[in-house]
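Asker: Under numbering that gives the first Met the number 0, the first residue of the sequence shown carries the number 0, and numbering increases by one thereafter. Mind looking over this structure? Questions follow.
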Amino acid sequence: MAQIKTIGSNGQISLGKEFAGQNVLIDNSEYGVWTIKIGKFIPHNEQWLLEKDNVTKLDEALDWASNNQPTHTDLTDLENTLSSKFNPNNDNA
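Structural data, given as structure tokens:
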């Protein structure tokens with residue numbers, strides 16, 4: 000249903016209280032033409048989480064984490080192990 004609205008002096012237009020707090024996509028296809036769609040939007044830096052392969056890997060990781068209790072890690076020992084593995088010329092005296 001088409002409606003006529005007036006854009007206020009501050010550049011805003013009201014869509015109605017029923018839409019308050021919702022995210023919208025505003026497509027400005029040409030000057031003076033807007034298409035507004037309500038939706039849930041995923042930030043660009045989080046979109047990789049929804050790629051099929053990553054969803055499977057994340058599900059597997061969450062399953063593993065829920066079935067395996069954390070264990071103590073000696074950080075000095077871990078650092079020495081990683082240093083010797085990735086920098087064989089490093090002497091950890």
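All C-beta atoms, glycine included, are put in the ideal place defined by N, C-alpha and C.
1) Select from E45, L74, F18 and G31 the residue whose C-alpha is nearest the C-alpha of T5.
2) My guess is that N22 and K39 are in contact by the Cβ rule of under 8 Å, so how many angstroms apart are they, rounded?
3) Specify the secondary structure class of L14 as computed by DSSP and reduced to three states.
4) CA-CA distance, A64 and E45?
5) If we require 3 or more residues per run, which beta strand (DSSP E) segments fall completely within the region 0 to 70?
Answerer: Straight from the coordinates:
1) Checked all of E45, L74, F18 and G31; the closest Cα to T5 is G31.
2) Your pair N22 and K39 checks out as a contact, with CB atoms roughly 7 Å apart and the cut at 8 Å.
3) Shown here, L14 sits in coil according to DSSP, grouped into three states, outside any helix or strand.
4) Roughly 21 Å separates the two Cα atoms.
5) Listed in chain order, they are 23 to 29 and 32 to 37.
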